[in-house]
Amino acid sequence: MAIERQVYPRPWSPNLFLSEMTEMRNRTYLVARLGRELVGYGGIMSYGEEAHVTTIAVDPAHHRRKIGTRLLFELIQEGIRLGARAVSLEVRVSNWGAQRLYSRFGFRPVGVRKGYYQETGEDALVMWTEDVHRPGYRKQLEEIAGKLPAGVRPS
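Start counting the sequence shown at 483; every next residue gets the next number (this note's numbering).
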């Protein structure tokens, strides 16, 4: 919860996290650790051929270490495992860093949700990547994973 409060103006409540984690049939939540320290987390829900990244956050003290990249890689892999053919997410229109990360994974803007972030009234950019089962996309994921630093790279 400490990371949530650091990175989001309106953090999810403990009850919301718990309710999400009890939906085990179509949701997966992952954590990133450096040693014993929790440095990030992310979640995805899958429904049919679509998956949606529900949350992803990295402790600001650990930004620019590719932890978010690894989390997103694993979330997409989980969506694929659960049968998704496409993955979506929302991101603040002002969060250029996250948008660049998502674009490296093939996400493209498809719309805007006006005033989506209620605490600030900021719009959300809806991003989508399609056909995550095609060989070219799998190769793209492998290339992303191959560029991760050793301590973050999948084994």
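Idealized CB from N, CA, C, for every residue including glycine.
Query raised in the report: So who's on the other strand from L602, going by DSSP bridges?
Result: First, the residue type needs correcting, since residue 602 is Thr and not Leu in the sequence shown. Looking at the DSSP assignment, T602 forms no beta bridge with any residue, so it has no partner.
**Report entry** Unbroken alpha helix (DSSP H) run spanning E625, endpoints
**Finding:** 617–628
Query raised in the report: Just reading off the beta strand (DSSP E) that E572 is part of, what are its end residues?
Result: That run of the beta strand (DSSP E) goes 568–574.
Query raised in the report: Which whole runs of the beta strand (DSSP E) in the segment 484–562 are 3 residues long or more, in chain order?
Result: 509–516, 519–529, 532–540
**Report entry** Residue from E556, Y511, R567 whose Cα sits closest to the Cα of L529
**Finding:** The question names Leu, but residue 529 in the sequence shown is Tyr. Closest option to Y529, Cα to Cα, is R567.
Requested in this report: Check whether the segment 620–635 touches the segment 589–599, taking contact to mean three or more Cβ pairs, one atom from each stretch, closer than 8 Å.
Outcome: no
**Report entry** Straight-line gap, R518 to V573 (C-alpha atoms, nearest Å)
**Finding:** C-alpha of R518 to C-alpha of V573: approximately 29 Å in a straight line.
Query raised in the report: Residues in its own chain within less than 6 Å of P636 by CB, not counting five upstream and five downstream?
Result: A627
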